[in-house]
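Q: This is the structure I want to talk about, given as structure tokens.
Residue numbers (my numbering): 54 to 341.
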């Protein structure tokens, strides 16, 4: 069976352990408490030091409320210990839950979740870890062959769940280089495009993230082949990951990895600096 054939129909979770029901129930409780407190999703996000998108995703059960968030939200929403009481159960559920990614992506997802460093070069679309929920949904909705609605929602939920890596501490080291065309392509329409650019600005301002743009006016480019990722698993040597039309390859051979590492270093030297990159994104937002 090919990867494309697997993508055409829903895929069962790697493990059905009931934890999804716990997270959906918590999301409903958070929504009820937030509305009772007279707060918008944006208000709660600002007070809890997280994004409005994350609050929305947690309330709908597609993102897992983290234990530290539950503690903060319990106080902010005057929940009287209702949310804080679930912290131990959430920790246990997180320790038992497994991802529901496609088979061909699952090995990489496990390595990514424990990585101490991630360096990503993207040529076609915003990398999954930086995508907003609406952007991710547009990507999966437009994919060919067409995916059914259940598979789309599963893929979106899994992609949002991967972004929990930004909540880890000590945090991994993140760096991104995006081709300028990635920023110009309005996937999902203008509203989704604007939201995605705002998400990139927010991510690029994080202390643990360096975001750079490779502008199209550069006359020299060391890697015109495809996107790739360099990652360092905890306690192991650096590896490289490539993916073409669903055919994934996790590369551990030191010589092959060295080639990707050398290319990435040159790409970063040719790209705009992080400060210049954020300025460019701000300018793009101002022109929308």
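Glycine residues also receive a C-beta, built at the ideal position from the N, C-alpha and C atoms.
1. On the criterion of 16 or more Cβ atoms from any shown chain inside 10 Å, does residue 298 qualify as buried, or is it exposed?
2. From the DSSP output, which residues share a beta bridge with residue 170?
3. Taking 9 Å as the threshold (C-beta atoms), are residue 172 and residue 228 in contact?
4. Counting along the chain, where does the alpha helix (DSSP H) carrying residue 293 start and finish?
5. Mark residue 259 as exposed unless 16 or more other C-beta atoms lie within 10 angstroms of its C-beta, in which case mark it buried.
6. Is residue 278 near the ligand FAD, going by C-beta to nearest heavy atom under 8 Å?
7. Between the alpha carbons of residue 97 and residue 129, how many angstroms are there, rounded?
8. What is the rounded straight-line gap between the Cα of residue 119 and the Cα of residue 143?
9. Three-state secondary structure (DSSP) at residue 264?
10. Using the DSSP secondary-structure output, state which residues sit across from residue 175 in a beta bridge.
11. Could you check the C-alpha separation between residue 257 and residue 114 for me, to the nearest Å?
12. For the beta strand (DSSP E) that contains residue 137, what are its first and last residues?
13. When the distance is taken between beta carbons, is residue 209 closer than 9 Å to residue 190?
14. Would residue 341 and residue 250 be called neighbours here (beta carbons separated by less than 9 Å)?
15. Return helix, strand or coil for residue 252, following the three-state DSSP convention.
16. Would the beta-carbon of residue 266 fall within 9 Å of that of residue 200?
17. Sorted by chain position, which residues of the same chain lie with C-beta nearer than 7 Å to residue 116's C-beta, five sequence neighbours on each side aside?
18. For residue 138, does the count of other Cβ atoms within 10 angstroms reach 16, so buried, or fall short, so exposed?
A: Inspection of the coordinates gives the following:
1. With fewer than 16 other Cβ atoms inside 10 Å of its own Cβ, residue 298 counts as exposed.
2. Residue 170 pairs with 226 and 285.
3. In this structure, residue 172 lies closer than 9 Å to residue 228 by Cβ.
4. Counting along the chain, residue 293 falls outside any alpha helix (DSSP H), though it belongs to the beta strand (DSSP E) covering 292-297.
5. The residue in question, residue 259, is exposed, as its Cβ has fewer than 16 Cβ neighbours within 10 Å.
6. With respect to the ligand FAD, the structure shown offers nothing to examine, as it has no ligands at all.
7. For residue 97 and residue 129, the gap between their C-alpha atoms comes out near 8 Å.
8. Spanning the alpha carbons of residue 119 and residue 143 requires a straight line of approximately 7 Å.
9. The three-state reading of DSSP puts residue 264 in strand, counting E and B together.
10. Residue pairing by DSSP places residue 175 opposite 231 in a beta bridge.
11. A direct Cα-Cα distance of roughly 26 Å separates residue 257 from residue 114.
12. Neither: residue 137 is in no beta strand (DSSP E) and is coded neither H nor E.
13. Going by C-beta atoms, residue 190 is nearer than 9 Å to residue 209.
14. In contact: residue 341 and residue 250 (Cβ atoms closer than 9 Å).
15. Residue 252: helix per DSSP, three-state reduction.
16. Cβ atoms of residue 266 and residue 200: not closer than 9 Å.
17. Here the set comprises 107, 110, 213 and 214.
18. With fewer than 16 other Cβ atoms within 10 Å, it is exposed.
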